[in-house]
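Trainee: First residue of the sequence shown: 1, per the UniProt record's numbering; consecutive thereafter.
Beta carbons: idealized from backbone N, C-alpha and C, even for Gly.
On a predicted model such as this, the values are computed, not experimentally measured, just so you know.
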Amino acid sequence: MAGATRINSRVVRFAIFASILVLLGFILSRGSATSYSLPSGLITDTSQSTGSSPKSESKPASQGSNDATELKKTYTTDGKEKATFVSLARNSDVWSLASSIRHIEDRFNHKFHYDWVFLNDEEFSDEFKRVTSALTSGQAKYGLIPKEHWSFPEWIDKERAAKTRKEMAAKKVIYGDSISYRHMCRFESGFFFRHELMQEYEWYWRVEPDIKIFCDIEYDVFKFMKDNNKMYGFTVSLPEYVATIETLWDTTRAFIKENPQYLPEDNMMDFISDDDGLSYNGCHFWSNFEVGSLSLWRSEAYLKYFDHLDKAGGFFYERWGDAPVHSIAAALFLHRDQIHFFGDVGYFHNPFNNCPVDADLREERKCMCNPKDDFTWKGYSCVPEFFTVNNMKRPKGWEAFSG
């Protein structure tokens, strides 16, 4: 009966969320990431800005828990991790991305001076480089995406793909008729971590245009991940738009059947499926915010999984997003306590807010957000499910913001 209750509640959640998507329509200017034009070349270059590295105290560690109150927060800037922010952007995004950079720098990076990698399918303009490099406290690097990472692979039937786009446009599926959005989803799913500018790094934080960070982050997020054996971190989780991923789970199940060795016993299948893997419940981590280990995407398991998905053609024959692809992979290939919910960051990407509901935490971190706008504990959020399946304690006061 418990399983049936979970499934029934998920059906209700999907119904509510589907209604919201219809109302939002094309208000979402960037979905789970930005859309782009077609590629133009292969050159990369770098420019840099500099900053000093002030020192502060380090605090002791504890490991092996998903409860944020038991996890280590590292405050030192000595011996920084091999980490970078990474932004996929167009030249026209310069001012909306400048705002995002300022949020990150003011709330976090002015203390730690981590690098920024900017990637584009066409050459970055001098204005883009001048504006963004002036705002970053770490080194700013600018890379061009290889054409083979931003184009139709040879095995894709372009006529079939065009038919899909036409059908999705008629059904008013968000980005359903977009070619560039599909290239973006495929690139973020399988190639961003392979770019030459990313090779020196072990950790990344994905940043998109027009995001906001509401709370001060006094600890080194990358050291926190490493010291607590975390591999993937998120702020928002919600159900995916089912019309965009109709065969994604069947394709995934075929991969699992052929490669069961990649799934640890304590994986998080119960977060993404309510019936022991027969179906996908749609829950995914919203990938416009990701803090993670690049070793996850460079692993044999993920590389083979992505290749399996890529050959199936769903990025073009449907509209598979990088968010469900990353989320399914993290849930299946990681130990469950390697996935972390950043409930203390305070994050906004249109149209959802993550705002700490704990008043003491908001005051301590100088958060500039209204907890009434928080999406985390609403009925159509998947974060409550994440806490439930991992037996985690919910933050103080969450009930008041669950309506």
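Out of Tyr305, Trp116, Glu148, point me to the one whose CA is closest to Leu135's CA.
Mentor: Reading the sequence shown from its first residue, position 135 is the one you call residue 135. Nearest C-alpha to Leu135: Trp116.
Trainee: Given Val86, which residues of its chain have a CB within under 6 Å of its CB, disregarding the five upstream and five downstream residues?
Mentor: Within the sequence shown, residue 86 is the residue found at index 86, counting from 1. Taken in chain order, the residues that qualify are Val117, Tyr204, Arg206.
Trainee: Is it the case that the region 183 to 196 contacts the region 296 to 316, given that we only count it when at least three CB pairs across the two stretches are under 8 Å?
Mentor: Cβ pair count under 8 Å is three or more, so yes.
Trainee: Using CA coordinates, which residue listed in Cys367, His308, Ile256 is at the minimum distance from Ser279?
Mentor: For the purposes of this step, residue 279 is taken as residue 279 along the sequence shown, with counting starting at 1. Residue Ile256 is the option with its Cα nearest to Ser279.
Trainee: Contact defined as beta carbons within less than 8 Å: I believe Arg182 pairs with Phe306. What is the distance between those atoms, to the nearest angstrom?
Mentor: As a first step, residue 182 must be located in the sequence shown, where it is residue number 182. As a first step, residue 306 must be located in the sequence shown, where it is residue number 306. So it is not a contact: roughly 15 Å between Cβ atoms.
Trainee: Please state whether DSSP places Ile101 in a helix, a strand or coil.
Mentor: Taking the first residue of the sequence shown as position 1, residue 101 is located at position 101. Ile101: helix per DSSP, three-state reduction.
Trainee: Restricting to runs no shorter than 4 residues, where is the alpha helix (DSSP H) found entirely within the region 231 to 292?
Mentor: For the region 231 to 292, whole alpha helix (DSSP H) runs of length 4 or above, ordered along the chain, are 248 to 258, 269 to 272.
Trainee: Look up Val86 in the DSSP assignment and give the residues it is bridged to.
Mentor: Along the sequence shown, read from residue 1 onward, the residue named residue 86 stands at position 86. Paired residues: Val117, Arg206.
Trainee: Which value, in whole angstroms, describes the spacing of the CA atoms of Ile217 and Arg394?
Mentor: Mapped onto the sequence shown, residue 217 falls at position 217. Mapped onto the sequence shown, residue 394 falls at position 394. Roughly 20 Å between the two C-alpha positions.
Trainee: Would you kindly work out how many angstroms separate the C-alpha atoms of Asp210 and Phe124, rounded to a whole number?
Mentor: Looking up residue 210 in the sequence shown gives position 210. Looking up residue 124 in the sequence shown gives position 124. Distance between the alpha carbons of Asp210 and Phe124 is about 19 Å.
Trainee: Is Ala330 closer than 7 Å to Thr251 when the C-beta atoms are compared?
Mentor: As a position in the sequence shown, residue 251 is number 251, starting the count at 1. As a position in the sequence shown, residue 330 is number 330, starting the count at 1. No, the Cβ-Cβ distance between Thr251 and Ala330 is not below 7 Å.
Trainee: I think Lys201 touches Ala89, with their Cβ atoms under 8 Å apart; what is that distance to the nearest whole Å?
Mentor: Stepping through the sequence shown from its first residue, residue 201 is reached at position 201. Stepping through the sequence shown from its first residue, residue 89 is reached at position 89. Just to set this straight, residue 201 is Tyr in the shown sequence, not Lys. Their Cβ separation, rounded to whole angstroms, is 18 Å, which puts Tyr201 and Ala89 out of contact at 8 Å.
Trainee: Can you grab the Cα-Cα spacing for the pair Val131 / Asp106, in whole Å?
Mentor: Working through the sequence shown from its first residue, we reach residue 131 at position 131. Working through the sequence shown from its first residue, we reach residue 106 at position 106. If I take the Cα positions, the gap works out to 16 Å.
Trainee: Going by DSSP, what residues sit across from Asp374 in a beta bridge?
Mentor: Locating residue 374 in the sequence shown gives position 374, counting from the first residue. Asp374 is bridged to Asn353.
Trainee: What residue ranges within the region 287 to 353 form continuous alpha helix (DSSP H) runs of no fewer than 4 residues, ordered along the chain?
Mentor: Taking only runs of at least 4 residues, the alpha helix (DSSP H) segments lying wholly in the region 287 to 353 are 294 to 297, 300 to 312, 314 to 317, 322 to 333.
Trainee: Alpha carbons only, please: which of Tyr380, Ser293, Asp360, Pro356 is nearest the one belonging to residue 411?
Mentor: Residue 411 lies beyond the residue range present for the chain, which begins at 1 and ends at 403; the question has no answer from this structure.
Trainee: Report the three-state DSSP secondary structure of Ile217 (helix, strand or coil).
Mentor: Position 217 of the sequence shown, counted from the first residue, corresponds to residue 217. It is coil, neither helix nor strand.
Trainee: Compare the beta carbon distance of Thr235 and Phe108 with 7 Å and say whether it is the shorter of the two.
Mentor: If you number the sequence shown from 1, residue 235 lands on position 235. If you number the sequence shown from 1, residue 108 lands on position 108. No, the pair does not count as a contact, with Cβ atoms beyond the cut-off.
Trainee: On the DSSP letters alone, give me the boundaries of the beta strand (DSSP E) that Leu135 sits inside.
Mentor: Counting from 1 along the sequence shown, the entry for residue 135 is found at position 135. Looking at the DSSP string, Leu135 is not in any beta strand (DSSP E); the run it does join, the alpha helix (DSSP H), is 126 to 135.
Trainee: Pull up the CB-CB distance for Asp274 and Asn267, whole angstroms please, since I reckon it's below 8 Å.
Mentor: Numbered from 1 along the sequence shown, position 274 holds the residue referred to as residue 274. Numbered from 1 along the sequence shown, position 267 holds the residue referred to as residue 267. Incorrect: roughly 15 Å between the Cβ atoms, too far for contact.
Trainee: By alpha-carbon positions, which one of Gln199, Asp157, Val173 ends up nearest to Gly321?
Mentor: For the purposes of this step, residue 321 is taken as the residue at position 321 of the sequence shown. Gly321 has its Cα closest to that of Val173, out of Gln199, Asp157, Val173.
Trainee: Could you tell me which residues DSSP pairs with Tyr175 in its beta bridges?
Mentor: Working through the sequence shown from its first residue, we reach residue 175 at position 175. In DSSP, Tyr175 forms no bridge with anything.
Trainee: Just verifying my parser: in three-state terms, what is the DSSP assignment at Leu361?
Mentor: Here residue 361 refers to the residue found at position 361 when the sequence shown is read from its first residue. Reduced to three states, the DSSP call for Leu361 is helix.
Trainee: So what does DSSP say about Gly41, is it helix, strand or coil?
Mentor: Counting from one through the sequence shown, the residue named residue 41 turns up at place 41. At Gly41, the pLDDT of 26 sits below 50, so the modelled position is not reliable; the number obtained from the coordinates is stated separately. Correct three-state label for Gly41: coil.
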